[in-house]
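Below: the structure, in structure tokens.
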Amino acid sequence: MTDPVAAPVLEVRDLHTYIATGAGVVRAVDGVSFTVGEREIVGLVGESGCGKSVTCRTIAGLMASPPARSTGSVRLASYGDRNLLDLSAADLQRLRGAHLSMVFQDPMSALNPMMRVGAQIEEAVGAHEKLSGRARRTRAIELMERVGIPVPERRMRDYPHQFSGGMRQRVLIAMAIAGRPKLLLADEPTTALDVLIQDQILSLLLELQRDFGMSMILVSHDLGVIGEMCDRVAVMYAGEIVELADTATLLEEPRHPYTISLLRSLPDVNSQSRYLRSIGGAPPALVDVPPGCRFAPRCPLALDQCREWETELLQAGAGAHTARCWRHEETRREDAWPEQSYESA
Amino acid sequence: MSGRFGFLGRRVLQLIPVTLGITILVFFLLHLVPGDPARQILGQHYTPEAAAEIHHKLGLDQPLWEQYKLFMDRLIHGDLGDSVYYNQSARSLIAERMPATMFLIVYAGVLAALISIPIGIIAALRRGGVFDQATRIGTLITFAMPPFWFGIILLLFFALKLQLFPVSGYGNGFTDHLWHLFLPALTIALAFSTILTRTLRASMLSTLRMDFVDTARIKGVSRTTVLMRHVVRNAIVAIVVVFGINLAFLIGSTVLVENVFSIPGLGELLVGSVSSRDYPVVQGTTLVLAFLVVLVNLLTDVVHAALDPRVTYE
Amino acid sequence: MSVVLGPSGTLLESLESRSRTSRLGRGRITLAVGILILGTMIVASLAAPLITSAKPDAIDPLHPLLHPLSPGHPLGTDSFGRDIFSRILYGGRIDLLIAFGATSVTAVVGTVIGLSSGYAGGWVDTVIMRIVDLFFAFPFFVLVIAIVAMLGPSVFNMFVAIWLTSWISYARISRGHTLGAKRQEYTLAARALGYTNRRVVLRHILPNVISYVIIFAMVDAVGNIVLGSSLGFLGLGAQPPSSEWGVMISDGQNYLLTAWWLSTFPGIAIILVGVGFSLIGDGLADILRPGD
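Line by line, the protein sequences are chains P, H and D.
Quick note: the first sequence uses the working numbering, first residue 755, plus one each step.
Quick note: the second sequence uses the working numbering, first residue 591, plus one each step.
Quick note: the third sequence uses the working numbering, first residue 9, plus one each step.
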């Protein structure tokens, strides 16, 4: 595992993204910091609304500025020492595609339905290089072959609705790697796909990551996917990172009660029980954030202090492992947990 | 692409029952007249002999089914009956008047597009800003404005007071037409633009939220290209659909505006023939205008299919 | 609430001021303004005798074409010396009657037809919708003119023409939403419970459909006023010496250069009523259907 401190490809520090809505200001991302190293895959995992997508979109500069505003710093090693949040539109344009790129969740809506697929890929190819029409076309065909689209010369002229879900996602990936970015953001790239196709796409992503030496941020709510793909994982809850560790450690020795509950709620193939464990309650609305730990209302280990003191990411266990919990030393002990009541399947 | 041709083929086939229905409806119009149409037509000059002649001409002395057959038979041969007021066949009257109306409709459509497209786009891009608010208020007022009134106001200012444009007529020659018909076309265009602008703005706003716009941005494509090639290109298709749907409205405005500006078109003919109880001409004009709407709707579908490759799959 | 310091704190503050106006609030304001405008016009028109002593048909050959703001004639007089202000107030009764009378009947009839058609389905639905499509293929205004032409120009015949043709929009809207509601789970639940068809339609589908119908009715009302005044203008609806606004505008055509006020003020009246209805419609849309 690479030492995350030495020459990170991406450094995110104290990132806040707040969004003005009719109901109030939503604190979608509230103080997130992490790094991504060379050739490293970092996972962002959490339930819907925890801020993982917004984090990625903020890094990519895709949060529309009137309702959303961000503070903090996002720095890309390949783009000098500049804070990406301060970039002008022109600089952002230079950055995207060439230094960082993104793959979205729903390939159907992420492709322009009225434009031929080949043209969309060529657009990505031509965004940063001055190439002749023929050269662009050749490159586009190469890319399509690379991501595993059969008969690319013919399929170039097709429209997105004529492709299957998996193929569409390959098109998106082709567009994302066209500029050879150093960093690829993948926002739930397989969630909208069949399980069988999911595997193929994930393998493709791993392959490309190795071949091009890219770093990746992989967003998912699926712990299985995260476990397979990532070197390190950040668990997010209610706009904050609640635990950050390398994958093996996280899965075997989680420290934060939320992570532990998440792992426990995974169905156990071997178990005879008809019941599924789930975490009672729901995440807080991010408009009126309660004081103290945001997970406290649902946490079986919560104490009064948890509801009063602001939380911090504390060093937990050995190595580069942090957890946002005052009781992280006790959480690994069975006796710290009260009697579990199960909810039925 | 066979998919799209198939779609159009089906659309054309669907036209047949519609066209038939239109003829039936127009045919029945005559039978709405309370009492004896001949009496209405002749007025003070009513004599039983003249009435009988009119009955015969209009086919009223036959049973209903025969009348319809006669009507359709004439129609297929292009005969729309004879005017009881002018000494001409309805068909020749209509043929004389058609060019002016067609010119006006196309002119109005073009002007409407020129006005509403930039405004709709800018209003969406600067959502909530001054321009957007002004557009909202503008469309609100314009929507409530009767086209004939607005035409009169334009007439007052630009034709009478400032004398920039002629007060009436159609003119001779293409540029002369453009000059004569500018104010009337503008009147219609403005009313039409209200709904076009609103639709385009809504379409732009919903398109801007779509994922593929983000995909385009993330490729490093310039903002202008993203706007033009992705956002506008997709949003504009919505206008095409609305254009077609509201065309019936457009043609209605034409009738009014021709009246205000004394343009020798189908609208003026229709209104005039109402006053003179010229039933055959009323029927003939209604028929032609209805067919015109059907034709334009078909054209709209063609353009829509050409622009949106998903159309065949609906 | 915790105190948030540092850059994220100022971020919070700067965003808070933006999010305060919600769509519901805007909708209520719009609705209120619309009701205010429309209400004023209605009251002014109905209470005309209380507002002005001038009679709308009082011919005064000594004072034709007086300018607005002349003594006793705030909006001037026309070529017969009739007071424009009172003509507008009294004429409003006709135009407002058109707006309400034509719209309400077509709304009710069209909605009933659409609801029944959509709920019944089958060949009944197909036949009715074919008829609706047919009417839609017609240029609406032309059809109305043709019908009035046949029946003879008058206010009543104008109503008949509108009634015969305008119901189709409502039928289409209510049918569409009925079909949508039919598929919803709450309808299936109601039917599973054995409720009679009538109850399902009235209690469950109708409330859903009605909000769309009402919002559309506001737009339609504006259309009907424009339609009614257009017919009046053409001499096919209200007839002179009526002071229906369209007729007034037509009367003023010959005096455009010399007496612009004859045609201008009635038009402004039409716009005011139209704006009133539109604002009510927009306000209701924001309140009842905030998701759209």
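For each residue, glycine too, the CB sits at the ideal point set by N, CA and C.
In chain order, S758, P774 place their CB closer than 6 Å to the CB of H:F851, counting only its own chain and leaving out the 5 sequence neighbours on each side. Excluding residues up to 5 positions away in sequence, Q874, P914 lie with their Cβ nearer than 8 Å to the Cβ of P:N866 in the same chain.
Closest in alpha carbon position to H:A828, among H:L786, H:E858, H:L817, H:L856, is H:L786. Following the DSSP letters along the chain, one finds H:G699 inside the alpha helix (DSSP H) bounded by residues 680-715.
For H:D868, no alpha helix (DSSP H) encloses it, and the DSSP letter there is neither H nor E. Between H:G810 and P:A878, the alpha-carbon positions lie close to 7 Å from each other.
With a minimum length of 3 residues, the unbroken runs of beta strand (DSSP E) contained wholly in the region 926-995 of chain P fall at 937-941, 969-974, 986-991. When only Cα atoms are considered, P:A774 and D:R34 end up about 17 Å apart. Residue P:L1068 holds the alpha-carbon nearest to the alpha-carbon of P:R1009 among P:E1062, P:L1068, P:E801. By the Cβ rule, the region 92-112 of chain D counts as touching the region 218-236 of chain D, because three or more pairs are nearer than 8 Å. In this structure, the CA atom of P:T944 is about 9 Å from the CA atom of P:F858. The alpha carbon of P:G826 has as its nearest neighbour, out of P:A818, P:A1036, P:Y833, P:N837, the alpha carbon of P:N837. Inclusion of D:L287 and D:G42 in the CB contact set at 9 Å is warranted, their separation being smaller than that value. One thing to note: D:P161 has its Cβ within 9 Å of the Cβ of D:Q247. Contact annotation for H:M735 against chain D: V234, G275, I278, I279, G282 [CB-CB distance below 9 Å, chain order]. The three-state reading of DSSP puts H:V616 in helix, counting H, G and I together. P:V799 sits in a strand when the DSSP states are folded into three classes. Per the coordinates, the alpha-carbon of H:L605 lies some 13 Å from the alpha-carbon of D:F144. Using a 10 angstroms sphere on the CB of H:H621, the tally of other CB atoms stays under 16, which defines it as exposed. At least one beta carbon of chain P lies nearer than 9 Å to the beta carbon of H:R823. Interface residue (Cβ-Cβ distance to chain H less than 9 Å): P:Q954 is not classified as such.
Each of H:L648, H:F617, H:I666, H:F839 was checked against the Cα of H:A628, and the nearest Cα belongs to H:L648. Under the Cβ criterion of 9 Å, P:M929 is counted among the residues facing chain H. Apart from the 5 residues on each side of it in sequence, P:V1043 sits with its Cβ closer than 7 Å to the Cβ of R781 in its chain, given in chain order. With a threshold of 9 Å between beta carbons, H:K809 makes contact with chain P. Fewer than three Cβ pairs drawn from the region 886-895 of chain P and the region 842-855 of chain P lie within less than 8 Å of each other, which leaves the two stretches out of contact.
Interface flag for P:E877 against chain H is set, since a Cβ pair is found closer than 9 Å. Ranked by Cα distance from D:I136, the first of D:G100, D:Y178, D:N165 is D:Y178. Taking C-beta atoms as the reference points, H:S673 and H:S865 fail to come closer than 9 Å. For the set H:L598, H:L790, H:V861, H:T729, the Cα lying nearest the Cα of H:L780 is the one of H:T729. When C-beta distances to chain H are compared with 7 Å, the residues of the region 256-269 of chain D below that value are I257, Q261, L264, L265, W268, in chain order. At the C-beta level, P:L959 and P:V987 stay beyond 9 Å of one another. Beyond the five residues adjoining it in sequence on each side, D:Y220 comes within less than 8 Å, by CB distance, of I181, S182, H185, R297 in the same chain, given in chain order.
Among the residues facing chain P, H:S812 is included, as its CB has a counterpart in that chain under 9 Å away.
Taken through DSSP and simplified to helix, strand or coil, P:V879 comes out as helix. 9 Å or more divides the Cβ of D:I257 from the Cβ of D:Y127.
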